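Quick note: the sequence shown, position 6, residue 6 per my numbering, numbers continuous. Here a beta-carbon is modelled for each residue, glycine too, at the ideal position from N, C-alpha and C. On a predicted model such as this, the values are computed, not experimentally measured, just so you know. Read the structure below first, then the notes.
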Amino acid sequence: MLSAHITYKKTDKGHLVVLCHGAWTTVSLAHVDEPLRAISLNNIKRVTLDLKGVSYLDTAGAWLLYTFLQHIEKKQISHDLLASDPVQEQLIQQIVNMGLPQFSQENNEVDLLDPIESLGKEGIHVAHDFI
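Spelled out as structure tokens, the structure:
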């Protein structure tokens, strides 16, 4: 499986196309998190997030894409999501429905402990129910 990576291109008309490639999984997100955050949205009017090159997407990958889309929406930039199959769109929609916390794109700080702590607490509650 190819590691996750992105390429992007900007047009002079303010359109940004972000091409996603490889396997977007928990293991590979370190390769795309920082480059995705580093994309400047200055003078961008529209973003196309193209997932056609994504060979595999798990919930962690979908979460990272979701946070990027939320960042775009907060900047009031219109966007398109081009998924290679409906399963990718459904997975991202499930992340949206779960209401998971988002990364702060503004200051580039990542706090992975909150969502991990929340998942751990839920796991403990479930374990106590079975004991």
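Query raised in the report: If you draw a straight line from the alpha carbon of Ala-4 to that of Leu-65, how long is it in whole angstroms?
Result: 12 angstroms
Query raised in the report: Over what stretch of residues does the beta strand (DSSP E) that includes Asp-50 continue unbroken?
Result: 46 to 57
Query - Candidates Thr-67, Thr-25, Val-32: closest to Gln-93 by CA position - result: Thr-67
Query raised in the report: So which of Ile-6, Thr-25, Leu-16 has the shortest CA-CA distance to Ala-60?
Result: Of the candidates Ile-6, Thr-25, Leu-16, the one whose C-alpha sits nearest the C-alpha of Ala-60 is Thr-25.
Query raised in the report: What is the DSSP secondary structure of Gly-14, reduced to helix, strand or coil?
Result: coil
Requested in this report: Use the C-beta contact count for Gly-22: other C-beta atoms within 10 angstroms, 16 or more gives buried, fewer gives exposed.
Outcome: buried
Query - Own chain partners of Asn-43 with C-beta closer than 6 angstroms, once the 5 adjacent residues on each side are dropped - result: Gly-14
Query raised in the report: CA-CA distance, Gly-99 and Leu-91?
Result: 13 angstroms
Query raised in the report: When DSSP builds the beta bridges, which residues end up paired with Leu-19?
Result: Thr-7, Asp-50
Report task. With a 10 Å radius around its C-beta and 16 neighbouring C-beta atoms as the bar for buried, classify Gln-76 as buried or exposed. Result -> exposed
Query raised in the report: Hey, which unbroken runs of the alpha helix (DSSP H) at 4 residues or more fall wholly within the stretch 53 to 91?
Result: Within the stretch 53 to 91, the complete alpha helix (DSSP H) runs of at least 4 residues are 59 to 74.
Query - Host alpha helix (DSSP H) of Leu-41 (start-end) - result: Taken as a continuous stretch (DSSP letters only), Leu-41 belongs to no alpha helix (DSSP H), as it is neither H nor E.
Query raised in the report: Closest by CA to Leu-41, which one among Ser-28, Gly-53, His-71, Val-54?
Result: Looking at the Cα atoms, His-71 is the closest of the given residues.
Requested in this report: Could you check how far apart the C-beta atoms of Ile-39 and Ala-62 are, in whole angstroms? I think they sit under 8 angstroms.
Outcome: Rounded, the Cβ-Cβ distance is 18 angstroms, inconsistent with contact.
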